[in-house]
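Inspection log for the structure reproduced underneath, given as structure tokens.
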Amino acid sequence: MKVGVPTEIKVDEYRVGMTPAGVRELVDAGHEVFIQHGAGEGSALEDSAYVAQGAKILPDAEALFAQSEMIVKVKEPQAVEVAMLEPRHLLFTYLHLAADIELTHGLMNSGATCIAYETVEDVHGKLPLLAPMSEVAGKLATQAGAFMLEKPLGGRGILLGGVPGVAAANVMIIGGGVVGMNAAFIALGMEATVYVYDRSIDRLRELDIIFGGRADTCFATTLSIEERLPDMDLVIGAVLVPGAKAPHVITRKQLGVMKKHAVLVDVAVDQGGCFETTHATTHSDPTYEVDGITHYCVANMPGAVPITSTYALTNATMPYVIGLANHGAAAGVAASPGLKLGVNVAAGAVTYAPVAEAAAVPYVTVDEALRL
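Residues 0 to 371, numbered by numbering that gives the first Met the number 0, are exactly what the sequence shown covers, in order.
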């Protein structure tokens, strides 16, 4: 198969969809790999590193899309990239379609087979291609929140961990999955007072053991969150409904009970955000204020640390990339129930139910769309 890796063009995105190690694996398996000129530079990967492992460098995205059968990316394709997709293409990347109806329709019109990293499942029902970026985003959420609490950045002017004689900041983390757990690890490491909320008692039991009792684990209800909000300095939204739009766990009205210049960090922004007042921001302009509360809602948080993120992501995606290259889209998906769940759009149809519901279009099974 001819596999292409374009340069990411989303604002402030520095990751790349494949490392030279991935090129080597594909080339050794008999495939051709095309890398767009400069695609890896944001992750400190020069063209020469790819060439040394057998890749061919192409000058621009147009040439890459024209010559490739499978496109391996990081972020959802931008409008100019969607226009280059054809029915013959297999697109493998993060899509987050439930929060982007325009992109959903664009991919349907392309006829391409589009597999979303974030809805692929492993044999245990986990999300192996979302997990590495969730780990990065969770750790970054606390770092960013701590920074934004500083007075020159518009925050309250409180040190997350406090000092002897001065209490630490209070941190609320809503969602106890991979993002929430990693956010809590960093918050605890910075010696904050941490509260983790989740709706699963079993998960709260696990987290209590993982954290050694250092964080308060709390059952998440509207009232329990609302009652604690007045004491919070930093709130991290880490709610995930796989492949679907995130629910709102904090409303605009509830901002009124919070301390002025407290900070909200919404890690669910790619899925529409879990705060009512969320809208996507960029690393260049990461925050805005609503009712005196600072919002940090960067839609590609792991892009800030591309060297870590690129390697973490491609470590997870490469077995799937190689499997798809070896067998093709239809056979590869047919052989893997977990990979089949990643197919969000195929042959002009939406093949993932939560996305179909969000876009108000008919849902078609993967088997029907790909004629498996």
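Here a beta-carbon is modelled for each residue, glycine too, at the ideal position from N, C-alpha and C.
Note that the coordinates shown come from a computational prediction; the quantities given were computed from them, not determined experimentally.
Taking 8 Å as the threshold (C-beta atoms), are residue 47 and residue 397 in contact?
The chain is shown only over 0 to 371; residue 397 falls outside these bounds and no answer can be derived.
On the DSSP letters alone, give me the boundaries of the beta strand (DSSP E) that residue 215 sits inside.
Taking the sequence shown and counting its residues from 1, the one referred to as residue 215 is at position 216. Segment 215 to 218, the beta strand (DSSP E) holding residue 215.
If you scan the region 45 to 121 from start to end, which runs of the alpha helix (DSSP H) of 4 or more residues do you find wholly inside it?
46 to 50, 60 to 66, 78 to 81 and 100 to 109
Express the C-alpha separation of residue 139 and residue 286 in angstroms, rounding to a whole number.
Translated into the one-based positions of the sequence shown, residue 286 becomes position 287. Translated into the one-based positions of the sequence shown, residue 139 becomes position 140. Roughly 15 Å between the two C-alpha positions.
Measuring only the C-alpha atoms, how far is residue 253 from residue 21?
Here residue 253 refers to the residue found at position 254 of the sequence shown. Here residue 21 refers to the residue found at position 22 of the sequence shown. Approximately 47 Å between the Cα atoms of the pair.
Taking C-alpha atoms, which residue in 354, 322, 362 and 345 lies nearest to residue 24?
Here the question's residue 24 lines up with position 25 in the sequence shown. Selected option, being the one with the closest Cα: 322.
Taking the beta strand (DSSP E) that residue 293 falls in, what are its first and last residues?
Taking the sequence shown and counting its residues from 1, the one referred to as residue 293 is at position 294. Here the beta strand (DSSP E) through residue 293 covers 292 to 295.
Using a Cβ-Cβ cut-off of 6 Å (strictly less than) and excluding sequence neighbours within five positions of residue 98, which residues of its own chain qualify?
If you number the sequence shown from 1, residue 98 lands on position 99. If we look at residue 98 and ignore the five residues flanking it on each side, its Cβ neighbours are 244, 270 and 271.
Between which two residues does the alpha helix (DSSP H) holding residue 366 run?
Along the sequence shown, one-based indexing puts residue 366 at 367. 365 to 369 is the span of the alpha helix (DSSP H), which, as asked, contains residue 366.
Fully enclosed by the region 301 to 368, which beta strand (DSSP E) runs are 3 residues long or longer?
342 to 345
With distance defined between alpha-carbon atoms, name the residue in 317, 74, 205 and 5 nearest to residue 58.
Numbered from 1 along the sequence shown, position 59 holds the residue referred to as residue 58. Answer by Cα proximity: 5.
Looking at the structure shown, is residue 275 part of a helix, part of a strand, or coil, going by DSSP?
For this step, residue 275 is matched to residue 276 along the sequence shown. Three-state DSSP puts residue 275 in coil, outside helix and strand.
Look up residue 184 in the DSSP assignment and say whether it is helix, strand or coil.
Residue 184 sits at position 185 when you count from the first residue of the sequence shown. Reduced to three states, the DSSP call for residue 184 is helix.
How many angstroms separate the CA atom of residue 301 from the CA atom of residue 282?
Locating residue 301 in the sequence shown gives position 302, counting from the first residue. Locating residue 282 in the sequence shown gives position 283, counting from the first residue. Whole-angstrom Cα-Cα distance: 10 Å.
Apply the 10 Å Cβ neighbour rule to residue 222 and answer buried if 16 or more other Cβ atoms are within range, or exposed otherwise.
In the sequence shown, the residue the question calls residue 222 occupies position 223. The residue in question, residue 222, is exposed, as its Cβ has fewer than 16 Cβ neighbours within 10 Å.
Does residue 146 come out as helix, strand or coil in the three-state DSSP assignment?
Taking the first residue of the sequence shown as position 1, residue 146 is located at position 147. The answer is helix: DSSP assigns residue 146 an H, G or I state.
For residue 220, count neighbouring C-beta atoms within 10 Å of its own C-beta (all shown protein chains included) and say buried if the count is 16 or more, exposed if not.
Looking up residue 220 in the sequence shown gives position 221. Residue 220 is exposed by the Cβ-count criterion.
How is residue 37 classed by DSSP in three states: helix, strand or coil?
One-based indexing of the sequence shown puts residue 37 at position 38. In the structure shown, residue 37 sits in coil (DSSP, three-state: anything other than H, G, I, E or B).
For residue 149 and residue 158, what's the separation of their Cα atoms in angstroms?
To locate residue 149, count along the sequence shown from 1; it is residue 150. To locate residue 158, count along the sequence shown from 1; it is residue 159. Cα-Cα distance, rounded: 7 Å.
Along the chain, which unbroken stretches of the alpha helix (DSSP H) at least 4 residues long are found entirely within the region 185 to 273?
200 to 209, 221 to 227 and 251 to 254
Please name the residue, chosen from 108, 45 and 177, that lies closest to residue 345 on a Cα-to-Cα basis.
Residue mapping note: residue 345 aligns to position 346 of the sequence shown, counting from 1. Checked all of 108, 45 and 177; the closest Cα to residue 345 is 108.
Enumerate in chain order the residues of its own chain whose CB-to-CB distance from residue 260 is below 7 Å, with the five nearest sequence positions on each side excluded.
If you number the sequence shown from 1, residue 260 lands on position 261. Setting aside the 5 residues that flank it on each side, residue 260 is surrounded in the same chain by 153, 154, 155, 291 and 293, each with a C-beta closer than 7 Å to its C-beta; the list follows chain order.
Check whether residue 355 and residue 361 have beta carbons under 8 Å apart:
If you number the sequence shown from 1, residue 355 lands on position 356. If you number the sequence shown from 1, residue 361 lands on position 362. Yes, the Cβ-Cβ distance between residue 355 and residue 361 is below 8 Å.
Alpha carbons only, please: which of 12, 44, 71 and 45 is nearest the one belonging to residue 32?
Within the sequence shown, residue 32 is the residue found at index 33, counting from 1. The residue with the shortest Cα to Cα distance from residue 32 is 71.
When you compare only the Cα positions, how much space is there between residue 239 and residue 262?
Taking the first residue of the sequence shown as 1, we reach residue 239 at position 240. Taking the first residue of the sequence shown as 1, we reach residue 262 at position 263. Cα-Cα distance, rounded: 20 Å.
Quick test of your reading: residue 111 and residue 88, contact by CB under 8 Å. State the CB separation rounded to the nearest angstrom.
The residue you call residue 111 lines up with position 112 of the sequence shown. The residue you call residue 88 lines up with position 89 of the sequence shown. Between residue 88 and residue 111 the Cβ distance is about 4 Å, and since that is below 8 Å, they are a contact.
Buried or exposed, going by whether 16 or more other CB atoms sit within 10 Å of the CB of residue 35?
As a working mapping, residue 35 is identified with position 36 in the sequence shown. Buried: at least 16 other Cβ atoms inside 10 Å.
Please state if the CB of residue 298 and the CB of residue 267 are separated by a distance shorter than 8 Å.
Here the question's residue 267 lines up with position 268 in the sequence shown. Here the question's residue 298 lines up with position 299 in the sequence shown. Contact flag unset, no.
Looking at residue 64: is its Cβ nearer than 8 Å to the Cβ of residue 320?
As a first step, residue 64 must be located in the sequence shown, where it is residue number 65. As a first step, residue 320 must be located in the sequence shown, where it is residue number 321. No. Outside cutoff.
Note down the Cα distance separating residue 1 from residue 353, rounded to an integer number of angstroms.
Stepping through the sequence shown from its first residue, residue 1 is reached at position 2. Stepping through the sequence shown from its first residue, residue 353 is reached at position 354. Each residue's Cα considered, the two are about 31 Å apart.
Exposure of residue 201, with buried meaning 16 or more beta-carbon neighbours within 10 Å
For the purposes of this step, residue 201 is taken as residue 202 along the sequence shown, with counting starting at 1. With fewer than 16 other Cβ atoms within 10 Å, it is exposed.
Straight-line CA distance for residue 102 to residue 161?
Stepping through the sequence shown from its first residue, residue 102 is reached at position 103. Stepping through the sequence shown from its first residue, residue 161 is reached at position 162. The alpha-carbon atoms of residue 102 and residue 161 are separated by roughly 44 Å.
Using the Cα positions of residue 84 and residue 188, report the straight-line distance between them to the nearest angstrom.
Indexing the sequence shown from 1 puts residue 84 at position 85. Indexing the sequence shown from 1 puts residue 188 at position 189. Between the C-alpha atoms of residue 84 and residue 188 there is a straight-line separation of about 45 Å.
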